[in-house]
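Residue numbers (my numbering): 848 to 1884.
C-beta atoms are modelled at their ideal positions from N, C-alpha and C, and glycine is treated no differently.
Data first, discussion second: the structure below is written as structure tokens.
Here you go:
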């Protein structure tokens, strides 16, 4: 299929590059063969120096540790930290608008990995609105995932990935602990040193412009200055960076996929097909119980956006005496981004006239659907403005005291805060205004290509359209305006004391310490909705009346570069406007008409965690069978206390308003609901390393690690739902609750690996890992009351509904919902069972049913509110519980080779990972599923040249299909991300020893992003991604 071509293109380019590099290798071998008697010391810099430092970290650590080091002061291998991390075995990344954002390690997603900055636990906050598909409109910040795109790579000296647990490392990462190290002033040379760099960022998505928004070229500047006195007692380091990127994006998406059995689908009562077999169905499943997938809609997006990132760091060190170093440092990061998005949408009215299914035997997907209408429906043109601002602030102190030659202490403390919140001019993270043209008389969609192909026929006759025979702005009517303001904040305060005692002169030592940190996470949201002309466009053509100058016509389908929507006629017409301006123009007139802005959702949740830990760890270096060995064994004991508070509008009553209708009445003020939890964990670890030969190292590791539950599962909030019929007639009232008393996920981890360092800068490693995880969070149910709510429809003895139930039995009337409500209402009205029974009997007609006019009168006149005679509701309450286990295992293979002193080298890695926690596509769509997110195979390969002032790298990264989300929409669908492969290059040239110029290319083959549900044809999101080029210069001093 078309959608897989780019993977083949990437492979071809890489193969061609490999051939060129192989030719260089052959020439080098011929030269070295001519004279191999001369031994010359080679001093390496740039890419090769960076790789050698990374190898040294990997080789000398006791556990499984990988690292990436800066190539030079202020120069990291990639412009994005996440892009660098994906070159490590077992690490894969998620992207937003083509940029690396979050990482998955060994199949465990971003929330299961702990990120530290210089060893300090970092707060996390992320409202993932910008760059997402439809599900991001009301995205809330409830996760623990860290967004690496907020940090500029130029300010980082080393990234360390600890894949095995260790007693001295803070808990929280089952996949890995990722430590981001920044430069300290006394780490370098005395005097003034530094680097200043500037780049021009060329984003090819800006080539095709529809207006004057943004620029093709945007700036990126950074500078790092380091000063230390000659005695190296005092030093100051400063770093700053600024980057701006303008971009456009084209995408296709679907709102939801309905999963039904084929028998349900062909039943005309369900609305999908016409009566009498009039719907033409092609390739229908032979088994009526086969699941089928039917889309709600199909839409195209066009977005214009901007990202602006500012970073700053400062570090001051003072060494008053040789054995005491004091450090004060601070970090600031700000990442602002927005996008203006325009949609072109067609919803299906149903029933369909034609449906064609694909051949999937598990879930047959409708890939071609068409419908013709007796009248017209609307074609939607939703306008959106999404904007967020992320900040990270951290201030810390460290004192490192070498008390004696063998004994040392270190005290470290920091306060750090992360915030992710709205940044639109109107104070929202998302503003949406839905407008539409109610002129579509026929509609079909074909899902068999890279993107759905829509075909529409219009009839714009008055009064629904303006009657000029074409789709234009005069046909537009307003529908609904919505806003969302989402925020997540987290503040971390941490103090830790570490000590070490050297046991001998061979490196054996005893490490110990204590750690206390308190973390407070606050999540808030406010969602609003205002009916304008309503979804049915009750006031056609009002957009031109109130906002005619704001709406511009353009061709959205024409903006695609690689995908082929193949639009003609009216399909080439779309509209665009600034959603905030449009909101302001349309909202006021409808407020004046009485259409108020209503609050549709409001959250305020707080989770506080107090974590206390102590640890002890022994490192013992010795020999076994004459070979050097190292054993590191330790234990960490932690106590975690959780306190959760949610502000909710407490329900005061559930009112029985009609036969099967109930309304939840809530108070006008917010009341706190609180909950607590506590858990203790004993976390042992053991790393064993043996040098089987001078160049061959073997490792075995065991550790127990934990990952704390997502914040959203720890909220104390509760909700009470209204039943769908009287409880006396079998209804079950439903409620939901968070669970602050959840336990953490606990993983027992096993690692074994062999590493062969057969020559300088070269190695091969093979490893196997297994993780046995308990306490995955699933969904459980319990029964109980919520908020003291009483049930007016229970039928319990002594209650009004109980008396009504007895009375109905006495007169031989059926206990239908209508009869039970009517009799209960009459008892409430008259205060007498006898009087109520007499009135009920007086309004029965032949056959014993009630007169419908009398029923309508009762339904309109009376509501039934519970009183003291009614029993408490017994809700079936769904809440998160620890009820899942899983086993994940995999293999990691990595290699790196430099071809002598030719400057040429190659590196690569492959990770194969699998587990028993996958998603079942054929499972019941009415039930939630548990599955581990992010599990996928990964691979990367890099071709390198580093010599004579030239450093070049061609890097290929591939990630296989993985599960990104579960239980989306009404049919509890999965979100799978299709395989993704990206090819990048980076080349720099040292013009002088101090001045270098560089050129980078990102996503050379224009690999695109695609997500889907239970079948590849069930498209969620297909986004075109474009090439980016960066031309820069850096001056070192």
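Checklist entry - Taking Cβ positions, are residue 1823 and residue 1808 nearer each other than 8 Å? => result For the pair residue 1823 and residue 1808, the CB atoms are nearer than the 8 Å cut-off.
Item to check | C-beta contact flag for residue 1200 and residue 1304 at 8 Å | outcome: no
Checklist entry - Hey, residue 1333 and residue 1372 are a contact pair by Cβ (cut 8 Å); roughly how many whole angstroms apart? => result With a Cβ gap of about 5 Å, residue 1333 and residue 1372 count as contacting.
Item to check | Nearest to residue 1436 (by Cα), restricted to the options 1390, 1476 and 1406 | outcome: Relative to the Cα of residue 1436, the nearest Cα in the group 1390, 1476 and 1406 belongs to 1390.
Checklist entry - Under the DSSP definition of a beta bridge, which residues are partnered with residue 1341? => result Paired residue(s): 1261 and 1364.
Checklist entry - Between the Cα of residue 1321 and the Cα atoms of 1230, 1399 and 1262, which residue gives the shortest distance? => result 1399
Checklist entry - Which stretch, first to last residue, makes up the beta strand (DSSP E) that contains residue 1414? => result Here residue 1414 belongs to no beta strand (DSSP E), and DSSP marks it neither H nor E.
Next on the checklist: Going by DSSP, what residue range makes up the alpha helix (DSSP H) through residue 1687?
Outcome noted: 1680 to 1689 is the span of the alpha helix (DSSP H), which, as asked, contains residue 1687.
Checklist entry - Taking C-beta to C-beta, are residue 1411 and residue 1227 nearer than 8 Å? => result no
Checklist entry - In angstroms, rounded to a whole number, what distance separates the CA positions of residue 1238 and residue 964? => result 15 Å
Checklist entry - Among residues of its own chain, excluding the 5 on either side of residue 1877, which ones have a beta-carbon nearer than 6 Å to its beta-carbon? => result Excluding positions up to five away in sequence, the list reads 1046, 1048 and 1847.
Checklist entry - From residue 1879 to residue 1744, what does the alpha carbon distance come to, in whole angstroms? => result Computed Cα separation, rounded: 28 Å.
Next on the checklist: How far does the beta strand (DSSP E) with residue 1400 in it extend, from its first residue to its last?
Outcome noted: 1399 to 1401
Checklist entry - Are the Cβ atoms of residue 969 and residue 977 separated by less than 8 Å? => result In this structure, residue 969 lies away from residue 977, with their beta-carbon atoms at least 8 Å apart.
Item to check | Pairwise C-alpha distance: residue 1015 and residue 1462 | outcome: 7 Å
Item to check | For residue 1112: DSSP bridge partner residues | outcome: According to DSSP, which records beta bridges pairwise, residue 1112 is partnered with nothing at all.
Checklist entry - Name the DSSP beta bridge partners of residue 1519, please? => result 1494
Checklist entry - Who are the Cβ neighbours of residue 1459 in its own chain at under 6 Å, not counting the five residues just before and after it? => result 1363 and 1486
Next on the checklist: For residue 1591, count the other beta carbons within 10 Å of its own beta carbon; 16 or more makes it buried, fewer makes it exposed. Which is it?
Outcome noted: Buried, by the Cβ-count rule.
Checklist entry - Roughly how many whole angstroms lie between the Cα atoms of residue 885 and residue 1795? => result At residue 885 the pLDDT is 37, less than 50, meaning the model places this residue with poor confidence; the figure from the coordinates comes in the next sentence. Here the alpha carbons of residue 1795 and residue 885 stand approximately 20 Å from one another.
Item to check | Anticipated Cβ contact below 8 Å, residue 1116 with residue 1135, distance rounded | outcome: Not confirmed; about 15 Å, so no contact.
Checklist entry - Just the Cα atoms here: how many angstroms apart are residue 1350 and residue 908? => result 18 Å
Item to check | Start-end ranges of the alpha helix (DSSP H) lying completely within the stretch 1446 to 1520, minimum 4 residues | outcome: none
Item to check | Three-state class that DSSP yields for residue 1707 in the structure shown | outcome: helix
Item to check | Start and end residues, beta strand (DSSP E) containing residue 1616 | outcome: 1609 to 1631
Item to check | Nearest candidate by alpha-carbon position, reference residue 1539, set 1600, 1593 and 1162 | outcome: 1600
Item to check | Inter-stretch contact (C-beta, 8 Å, three-pair minimum) for the stretch 1029 to 1045 and the stretch 1508 to 1524 | outcome: no
Checklist entry - Apart from the five residues just before and just after residue 1646, which ones in its own chain have a Cβ nearer than 6 Å to its Cβ? => result Cβ within range, chain order: 1716 and 1717.
Item to check | Anticipated Cβ contact below 8 Å, residue 1585 with residue 1727, distance rounded | outcome: 7 Å
Next on the checklist: So the candidates are 1490, 1766, 1504 and 1542; which of them puts its Cα closest to the Cα of residue 1521?
Outcome noted: 1490
Checklist entry - What's the gap between the Cα of residue 1680 and the Cα of residue 1195? => result Their Cα atoms are separated by approximately 51 Å.
Next on the checklist: When you measure from the CB of residue 1390 to every non-hydrogen atom of the ligand NAP, does any distance come out below 7 Å?
Outcome noted: The ligand NAP is absent from the structure shown, which contains no ligands of any kind.
Item to check | Other residues of its chain near residue 1469: CB distance less than 7 Å, five sequence neighbours each side excluded | outcome: Within the same chain, residue 1469 has close Cβ partners 1476.
Next on the checklist: According to DSSP, simplified to helix, strand and coil, what is residue 1659?
Outcome noted: coil
Checklist entry - By Cβ distance, which residues of its chain are closer than 6 Å to residue 1174, with the 5 residues on each side in sequence left out? => result Here the set comprises 1164 and 1245.
Checklist entry - Which residues in the same chain as residue 1010 place their Cβ atom closer than 6 Å to its Cβ, once the five residues preceding and following it in sequence are excluded? => result 911 and 1023
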